[in-house]
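Engineer: Residue numbers (the working numbering): 23 to 393.
Each residue gets a CB set at the ideal place from its N, CA and C atoms; glycine is no exception.
This structure is a prediction, so every number in the text was calculated from the model and none was measured.
Shown next, in the form of structure tokens:
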């Protein structure tokens, strides 16, 4: 079957290159950015370029800082665990191995969370296979985030070598990052803001709550920009965008659902499923899902996904973590395994993980010496 997957525009910039290019700019060697004395990457979790454009009136500073060209493409799956690992290692999921929100441990029936499994299920740090840029860059590297993320397994796996600064207040967090960059010439600073993503998951990105959070972030970014001294640069980007999936658009997979025949385990996330088939049932599962769901989702075999480069160059060790069949939502839907007892995830409205432009196109805004 001929696949028709969305392709990135020629010359599109990848999230995997952002920190590498920022580091090169400190030596005057970047292809993307002008020289700087130190640099900060501000990640506003969940702020897709389409989301920002649609609500530009509520984020006038950030909207003014960008143009249509100031975008990048996040990785696939367009989910936090995969994207932040790619940003912080400069590698695609096929190399670093974080291939979605939940993934199967090869050779087992365990499907573990790739954000929290390090702390809840003894996922080893070596599960993330690439060297963090904080260790590899040879530069002072600071991480400024909420205090709750200090010493988590995901932080240690992706930011080994960074000096962590936990700051819960949003504006203080931004100004702390600016101060660290100003005081340490040649440094890189990772500044993380998860607040917008949380509002989007709970209320949807089109909600009043999301807009109010965006306005707070815009005000903090304005103050942050004003605090950058001469020579210090910053990039504002995101790990993914967001689409709203109200409850009536959820696809609930319950007991007796024919689509689950031959499916042993389900991983991934609601907009990008990893389906792990029973031995020998791989082709049947692929055919059944294609027949039923191709009008609203991309249904892809593991081999097709690897050959298409969806995960970037993929090592055999990482290939074994992928589902036998991948189901990436194209329409405004989300799939849930309704057989599980925990229904809390079904309360989420804002979603991401798939291949759509709304989920994969993120801002790449330049402040300070990069402006």
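How is residue 394 classed by DSSP in three states: helix, strand or coil?
Structural biologist: Nothing can be reported for residue 394, as the shown portion of the chain is limited to 23 through 393.
Engineer: Does DSSP classify residue 187 as helix, strand or coil?
Structural biologist: It is a strand residue.
Engineer: Return the first residue and the last residue of the alpha helix (DSSP H) that residue 181 is part of.
Structural biologist: Start and end: 175-181.
Engineer: Return the chain-ordered list of same chain residues with a C-beta closer than 7 Å to the C-beta of residue 394, the five sequence neighbours on each side being excluded.
Structural biologist: Nothing about residue 394 can be reported from this structure: the residues present for the chain run from 23 to 393 only.
Engineer: Helix or strand or just coil, what does DSSP make of residue 346?
Structural biologist: Here residue 346 sits in coil by DSSP.
Engineer: I want to know whether the stretch 336-346 touches the stretch 44-64 - three or more CB-CB distances under 8 Å.
Structural biologist: With a cut-off of 8 Å, the stretch 44-64 and the stretch 336-346 do not count as touching, because too few Cβ pairs lie within range.
Engineer: With DSSP as the reference, label residue 92 as helix, strand or coil.
Structural biologist: Looking at residue 92 - three-state DSSP - the assignment turns out to be coil, as it is neither helix nor strand.
Engineer: Expressed to the nearest angstrom, what Euclidean distance is found between the alpha-carbon atoms of residue 281 and residue 370?
Structural biologist: Using only the alpha carbons, I get a separation of about 23 Å.
Engineer: Using a Cβ-Cβ cutoff of less than 7 Å, which residues in the same chain neighbour residue 377 once the five nearest sequence positions on both sides are dropped?
Structural biologist: Counting only Cβ-Cβ distances below 7 Å, and skipping sequence neighbours, we find 27, 28, 98, 320 and 350.
Engineer: Please go through the same chain and pick out, in chain order, the residues whose beta-carbon is closer than 6 Å to the beta-carbon of residue 381, but skip the five residues on each side of it.
Structural biologist: So the list reads 100, 262, 263 and 374, once near-sequence residues are dropped.
Engineer: According to the neighbour-count rule (16 or more other Cβ atoms, all chains shown, within 10 Å of its Cβ), is residue 82 buried or exposed?
Structural biologist: With fewer than 16 Cβ atoms within 10 Å of its Cβ, residue 82 is classed as exposed.
Engineer: Please classify residue 256 as buried or exposed, where buried requires at least 16 neighbouring CB atoms within 10 angstroms.
Structural biologist: Residue 256 is buried by the Cβ-count criterion.
Engineer: Determine the direct distance from the alpha carbon of residue 231 to that of residue 35, and round the result to whole angstroms.
Structural biologist: Each residue's Cα considered, the two are about 31 Å apart.
Engineer: I'd like to know if the stretch 185-198 and the stretch 159-171 are in contact, where contact means that at least 3 CB-CB pairs between them fall below 8 Å.
Structural biologist: Because the criterion of three Cβ pairs below 8 Å is met, the stretch 185-198 and the stretch 159-171 touch.
Engineer: Using DSSP with H/G/I as helix, E/B as strand and the rest coil, what is residue 159?
Structural biologist: Coil.
Engineer: Using DSSP's beta-bridge definition, name the partner residues of residue 124.
Structural biologist: Paired residue(s): 135.
Engineer: Find the nearest neighbour of residue 153 within the set 184, 196, 136 and 141, judged by alpha-carbon distance.
Structural biologist: Nearest of 184, 196, 136 and 141 to residue 153, Cα basis: 184.
Engineer: Would you kindly work out how many angstroms separate the C-alpha atoms of residue 301 and residue 173, rounded to a whole number?
Structural biologist: Roughly 39 Å between the two C-alpha positions.
Engineer: Going straight from the alpha carbon of residue 273 to that of residue 355, what length do you get?
Structural biologist: So the two alpha carbons sit approximately 7 Å from each other.
Engineer: Would residue 247 be called buried (16 or more neighbouring beta carbons within 10 Å of its own) or exposed?
Structural biologist: Burial call: buried.
Engineer: Quick check on this structure: which residue in 325, 71, 140 and 104 has the alpha carbon closest to the alpha carbon of residue 402?
Structural biologist: No information on residue 402 is available, as it lies outside the stretch 23 to 393 that the chain covers here.
Engineer: Measuring straight from C-alpha to C-alpha, what distance separates residue 131 and residue 224?
Structural biologist: So the two alpha carbons sit approximately 30 Å from each other.
Engineer: In chain order, what residues of the same chain lie with their CB nearer than 6 Å to the CB of residue 293, ignoring the 5 residues before and after it?
Structural biologist: 351, 356, 373, 375 and 376.
Engineer: Between which two residues does the alpha helix (DSSP H) harbouring residue 44 extend?
Structural biologist: Taken as a continuous stretch (DSSP letters only), the alpha helix (DSSP H) holding residue 44 covers 40-47.
Engineer: Run through DSSP, which three-state label would residue 388 get?
Structural biologist: DSSP places residue 388 in strand when its eight states are reduced to three.
Engineer: Restricting to Cα atoms, I'd like to know which of 390, 383 and 391 is closest to residue 92.
Structural biologist: The candidate whose alpha carbon is nearest that of residue 92 is 383.
Engineer: Whole angstroms is fine: what's the gap from residue 227's alpha carbon to residue 233's?
Structural biologist: Those two C-alpha atoms are separated by around 7 Å.
Engineer: Going by the DSSP bridge assignment, what does residue 394 pair with across the sheet?
Structural biologist: An answer regarding residue 394 cannot be provided, because it is not within the stretch 23 to 393 covered by the chain.
Engineer: In the DSSP assignment, find the unbroken alpha helix (DSSP H) run with residue 267 in it and report its ends.
Structural biologist: Counting along the chain, residue 267 falls outside any alpha helix (DSSP H), and DSSP gives it neither H nor E.
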